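In what follows, a structure is listed as structure tokens, so that the remarks can point back to it.
2 protein chains.
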Amino acid sequence: MSTESRLQKLTAEIIQADLDAYIVSAVHHVTYLSGFTGDSSYLLVTRDRAILLSDDRFAIQIQDECPHLEVQIRGHDRSTPQLLGEVLSKLGVRKIGIEAAYMPVAGLEKFQELVPTATFVPRSGWIESLRAIKDASEILTIRRAISIAEEAFTNFRNHIQPQDSEFDLVNRMEFAIRWAGGTKSAFEIIAGVGERSALPHCPPSSKKLEEADFLLMDWGASYEGYKSDLTRVIKSPYANSARYRMIENRLHDLYKMVSEAQARAAAKLRPGVHVREVDIAARGYLAEQGYSREFNHGLGHGFGLEIHEAPQIRSNSEDVLQANMVVTLEPGVYLQGFAGVRMEDDFLITPDGAERLSSLPRDWAFFEG
Amino acid sequence: MSTESRLQKLTAEIIQADLDAYIVSAVHHVTYLSGFTGDSSYLLVTRDRAILLSDDRFAIQIQDECPHLEVQIRGHDRSTPQLLGEVLSKLGVRKIGIEAAYMPVAGLEKFQELVPTATFVPRSGWIESLRAIKDASEILTIRRAISIAEEAFTNFRNHIQPQDSEFDLVNRMEFAIRWAGGTKSAFEIIAGVGERSALPHCPPSSKKLEEADFLLMDWGASYEGYKSDLTRVIKSPYANSARYRMIENRLHDLYKMVSEAQARAAAKLRPGVHVREVDIAARGYLAEQGYSREFNHGLGHGFGLEIHEAPQIRSNSEDVLQANMVVTLEPGVYLQGFAGVRMEDDFLITPDGAERLSSLPRDWAFFEG
Numbered sequence: 001m002s003t004e005s006r007l008q009k010l011t012a013e014i015i016q017a018d019l020d021a022y023i024v025s026a027v028h029h030v031t032y033l034s035g036f037t038g039d040s041s042y043l044l045v046t047r048d049r050a051i052l053l054s055d056d057r058f059a060i061q062i063q064d065e066c067p068h069l070e071v072q073i074r075g076h077d078r079s080t081p082q083l084l085g086e087v088l089s090k091l092g093v094r095k096i097g098i099e100a101a102y103m104p105v106a107g108l109e110k111f112q113e114l115v116p117t118a119t120f121v122p123r124s125g126w127i128e129s130l131r132a133i134k135d136a137s138e139i140l141t142i143r144r145a146i147s148i149a150e151e152a153f154t155n156f157r158n159h160i161q162p163q164d165s166e167f168d169l170v171n172r173m174e175f176a177i178r179w180a181g182g183t184k185s186a187f188e189i190i191a192g193v194g195e196r197s198a199l200p201h202c203p204p205s206s207k208k209l210e211e212a213d214f215l216l217m218d219w220g221a222s223y224e225g226y227k228s229d230l231t232r233v234i235k236s237p238y239a240n241s242a243r244y245r246m247i248e249n250r251l252h253d254l255y256k257m258v259s260e261a262q263a264r265a266a267a268k269l270r271p272g273v274h275v276r277e278v279d280i281a282a283r284g285y286l287a288e289q290g291y292s293r294e295f296n297h298g299l300g301h302g303f304g305l306e307i308h309e310a311p312q313i314r315s316n317s318e319d320v321l322q323a324n325m326v327v328t329l330e331p332g333v334y335l336q337g338f339a340g341v342r343m344e345d346d347f348l349i350t351p352d353g354a355e356r357l358s359s360l361p362r363d364w365a366f367f368e369g
Numbered sequence: 001m002s003t004e005s006r007l008q009k010l011t012a013e014i015i016q017a018d019l020d021a022y023i024v025s026a027v028h029h030v031t032y033l034s035g036f037t038g039d040s041s042y043l044l045v046t047r048d049r050a051i052l053l054s055d056d057r058f059a060i061q062i063q064d065e066c067p068h069l070e071v072q073i074r075g076h077d078r079s080t081p082q083l084l085g086e087v088l089s090k091l092g093v094r095k096i097g098i099e100a101a102y103m104p105v106a107g108l109e110k111f112q113e114l115v116p117t118a119t120f121v122p123r124s125g126w127i128e129s130l131r132a133i134k135d136a137s138e139i140l141t142i143r144r145a146i147s148i149a150e151e152a153f154t155n156f157r158n159h160i161q162p163q164d165s166e167f168d169l170v171n172r173m174e175f176a177i178r179w180a181g182g183t184k185s186a187f188e189i190i191a192g193v194g195e196r197s198a199l200p201h202c203p204p205s206s207k208k209l210e211e212a213d214f215l216l217m218d219w220g221a222s223y224e225g226y227k228s229d230l231t232r233v234i235k236s237p238y239a240n241s242a243r244y245r246m247i248e249n250r251l252h253d254l255y256k257m258v259s260e261a262q263a264r265a266a267a268k269l270r271p272g273v274h275v276r277e278v279d280i281a282a283r284g285y286l287a288e289q290g291y292s293r294e295f296n297h298g299l300g301h302g303f304g305l306e307i308h309e310a311p312q313i314r315s316n317s318e319d320v321l322q323a324n325m326v327v328t329l330e331p332g333v334y335l336q337g338f339a340g341v342r343m344e345d346d347f348l349i350t351p352d353g354a355e356r357l358s359s360l361p362r363d364w365a366f367f368e369g
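Chain order of the listed sequences is A and B.
Numbered per the UniProt record's numbering, the first sequence finishes at 369, counting up by one with no gaps.
Numbered per the UniProt record's numbering, the second sequence finishes at 369, counting up by one with no gaps.
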């Protein structure tokens with residue numbers, strides 16, 4: 001799907017909602033609809049035009065990235081909202097939709113002041129819904145972002161050292177992602193050594209790998225703007241055998257259980273299925289095993305230009321799966337003071353089920369290296 | 001200044017504005033007032049309490065980072081805004097300020113629906129104004145972020161290779177920042193080779209260093225949440241002499257001129273000075289030299305927890321310098337198709353002038369290496 005056909009779909013929504021125009025302000029949405037990858041810009045979409053409003057810093061990049069788009073560049077003596085206000089006045093549009101989920105309250109107040117003759121209508125979800133369904137070129141790019149993350153993991157695993165702190169482990173993974181061809185990590189990499197693996201969003205610390213025998217890595221690659229998202233728990237290649245043998249059985253049980261929870265959820269993935277059913281397949285199984293409170297976050301989420309986007313795979317979500325959605329499944333069990341085990345893979349919803357896009361092994365042999 | 005005294009100052013504003021409470025929603029503002037470095041959380045400040053509202057993922061991190069703060073953690077079956085709505089209702093607060101510059105329109109609508117008995121009052125700038133004046137511990141951290149960026153640059157310069165593309169140069173600098181002790185780069189590093197240095201915000205390309213004889217680097221380090229921001233244009237250590245000699249004089253002139261523009265602006269830095277006067281000191285000088293259109297962005301900006309924060313040093317800003325502000329000065333001249341030369345350093349406003357915090361040389365000898 002080209003940016004042109006994305007714009008056509010948005011225009012259809014604008015017309016159906018009886019609006020004259022729509023202000024696209026979220027940076028990912030401007031990129032999605034125009035191809036322009038810079039920030040601090042607006043895309044104004046009317047019933048018959050699309051105008052990108054930006055500043056001098058981006059003028060040449062815009063020529064490069066979206067040569068066919070109508071563009072207005074402001075000087076440095078005024079703000080981009082001021083320029084947009086002038087364009088709105090000049091075009092004479094009256095009913096203007098705004099991205100309510102992104103535009104700050106002060107932004108709306110500013111536009112109301114700049115164009116007092118217009119009515120601004122809060123509207124959300126149009127572009128999010130378009131983005132939830134990936135087109136062929138997006139899926140190809142996401143496949144590449146995943147394979148970069150997997151190549152990075154192999155390289156990472158081959159190079160980690162007992163003296164590495166969580167800071168070092170994060171840096172090693174960041175470097176590995178970039179060496180493998182990624183632009184950068186898709187989000188703040190999580191490296192949890194030993195019991196710190198039980199913190200679902202632990203910031204890196206000076207805890208060293210040799211202080212425990214296992215670690216949790218949650219990482220992903222950015223590639224041409226698209227993301228990937230994976231998690232594995234692995235044994236240190238330099239495990240202290242005596243200490244490790246004491247925890248081996250308990251870790252093995254958790255690992256198998258989380259892997260099974262993910263497999264049960266993955267088996268539910270199919271167009272038309274409510275995400276609640278997918279969530280309960282994993283959550284119910286873990287609860288049966290005695291771990292209901294210990295899985296304390298949603299099961300998964302869509303990803304693409306952002307690391308979290310529609311659909312949300314949670315018990316309190318109304319989302320329904322559709323073909324060409326791309327989602328993660330990341331069940332986890334967190335035992336404070338002992339260990340957290342999470343396993344995260346990436347899936348494409350296909351017309352009759354799902355394809356697992358990530359290919360890292362999920363068995364105990366892989367954990368043990 | 002401790003988080004307690006920051007909260008006291010905010011409480012004084014709340015009382016003076018005749019509000020019952022204020023919802024802090026910007027992630028940097030939550031960190032600034034609480035010490036909590038995670039995201040997806042709110043800080044509710046009433047006339048006599050401060051409550052951090054977050055979710056399970058962050059429970060332990062919060063205990064760690066702000067053990068004395070009152071905390072409410074939601075379960076995974078509801079959203080943090082829902083929890084905040086309940087707390088607001090229970091406290092019976094009626095006039096509630098919101099961060100208009102950050103809270104999305106949809107967020108405000110949600111709170112109005114959750115707490116229909118309350119009035120929400122858009123308020124901006126309180127925390128931004130507090131943050132613009134750095135305390136001693138912030139200045140110490142910023143000094144460290146700057147010295148990390150400078151150490152990284154030395155390492156970077158010693159290791160660049162003729163075959164390096166802009167992608168490679170960005171990666172080398174990212175690695176150098178982390179090796180020097182930085183958490184990561186403070187923003188997307190800019191590496192512009194040859195004429196691409198004239199793009200003020202050029203995304204990295206496959207252009208190789210050996211295709212030109214000079215490059216522009218705009219980089220900074222994050223350290224304990226605080227940033228630094230520097231720019232230098234340097235000659236390639238492997239410059240092709242014949243090609244380089246052709247442009248040498250013109251580059252030299254631009255370099256001296258931009259350095260002089262920065263020095264003239266730096267001489268104006270002092271409490272009580274309008275930022276316009278600082279901007280015009282650089283801009284006026286460049287205009288006298290025949291480059292008015294070629295310096296097409298603001299002169300500088302405050303930085304700290306964010307890379308751009310108050311004050312803005314631009315011709316259309318009303319900001320006035322105060323002691324303990326920390327700002328960059330980054331004049332530049334951009335000649336499309338030839339070269340862009342920008343020089344950026346970091347300054348602390350002192351009681352009677354300013355201290356240049358960054359120590360990289362600014363003379364032509366440094367450019368030539």
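All residues carry an ideal CB built from backbone N, CA and C; glycine is no exception.
The structure displayed is predicted, hence computed values, not measured ones.
- Taking the Cα positions, A:L357 is about 46 Å away from B:A132.
- By the 16-neighbour rule on beta-carbons within 10 angstroms, A:R293 is exposed.
- Linking A:R196 to B:Q163 through their CA atoms gives a straight-line distance of about 41 Å.
- Judged by pairs of C-beta atoms under 8 Å, the segment 79 to 94 of chain B touches the segment 109 to 123 of chain B, as three or more such pairs exist.
- At a cut-off of 7 Å, the C-beta of A:M325 has no neighbouring C-beta in chain B.
- At a cut-off of 7 Å, the C-beta of A:F36 has no neighbouring C-beta in chain B.
- The residues L305, E306, in chain order, have a CB closer than 6 Å to that of A:H28 in the same chain once the five nearest residues on each side in sequence are set aside.
- Residue environment: A:R245 is assigned as exposed (fewer than 16 neighbouring CB atoms within 10 Å of its CB, all protein chains considered).
- B:Y238 places its beta carbon 7 Å or farther from that of B:A261.
- Taking 4 residues as the shortest admissible run, the segment 160 to 208 of chain A contains the following complete alpha helix (DSSP H) segments, listed from N- to C-terminal end: 166 to 179.
- B:R342 is bridged by DSSP to B:G332.
- Under the 7 Å criterion on CB atoms, B:Y102 is classed as interfacial with respect to chain A.
- Per DSSP, reduced to three states, the secondary structure at B:K235 is strand.
- Annotation: the segment 93 to 173 of chain A contains the following complete segments of the beta strand (DSSP E) (minimum length 3 residues), in chain order: 95 to 99, 119 to 123.
- Within the segment 291 to 306 of chain A, the residues whose Cβ lies closer than 9 Å to some Cβ of chain B are F295, N296, H297, G298, listed in chain order.
- Within the segment 37 to 61 of chain A, the residues whose Cβ lies closer than 7 Å to some Cβ of chain B are T37, G38, D56, R57, F58, I60, Q61, listed in chain order.
- Contact between A:G369 and A:R157 holds: their C-beta atoms lie close to 7 Å from each other, under 8 Å.
- Pairing A:Y22 with A:I14 gives a Cβ-Cβ distance under 7 Å.
- For a Cβ distance threshold of 7 Å, residue set S315, N316 of chain A lies close to B:D77, ordered along the chain.
- In terms of beta-carbon proximity, A:P271 stays away from the interface with chain B, with every pair separated by 7 Å or more.
- Residues of the same chain with a CB within less than 8 Å of the CB of A:Y223, apart from the 5 flanking positions on each side, are T141, R144, A145, I148, G181, G182, T183 in chain order.
- Identification of residues in the segment 197 to 215 of chain A having a C-beta nearer than 9 Å to some C-beta of chain B yields A198, L199, P200, H201, C202, P203, P204, given in sequence order.
- For the segment 115 to 128 of chain A, residues whose beta-carbon sits nearer than 8 Å to a beta-carbon of chain B comprise P122, S124.
- In the DSSP assignment, A:P81 falls within the unbroken alpha helix (DSSP H) covering 80 to 91.
- For B:S54, no alpha helix (DSSP H) run applies; the uninterrupted beta strand (DSSP E) run containing it begins and ends at 50 to 55, by DSSP.
- For B:S129, the closest alpha carbon among the candidates B:R362, B:P331, B:E309, B:V121 is that of B:E309.
- In this structure, A:E65 places its C-beta atom within 7 Å of the C-beta atom of A:G35.
- DSSP links A:L230 through a beta bridge to A:W219.
- With respect to B:S25, B:E99 sits close: the two C-beta atoms are nearer than 7 Å.
- Membership of A:I60 in the alpha helix (DSSP H) is indicated by the continuous run 59 to 65.
- In chain order, A132, E309, A310, P311, M325, V326, V327 place their CB closer than 7 Å to the CB of B:G302, counting only its own chain and leaving out the 5 sequence neighbours on each side.
- If you look at A:Y285, you'll find it in the alpha helix (DSSP H) that goes 275 to 288.
- Cβ neighbours of B:K268 within its own chain (closer than 7 Å, five residues either side excluded): E277, V278, A281.
- Comparing alpha carbon positions, the residue from B:T37, B:Q72, B:E4, B:E174 closest to B:D55 is B:Q72.
- Annotated as distal: B:L230 and B:E151, with beta-carbon spacing of 7 Å or more.
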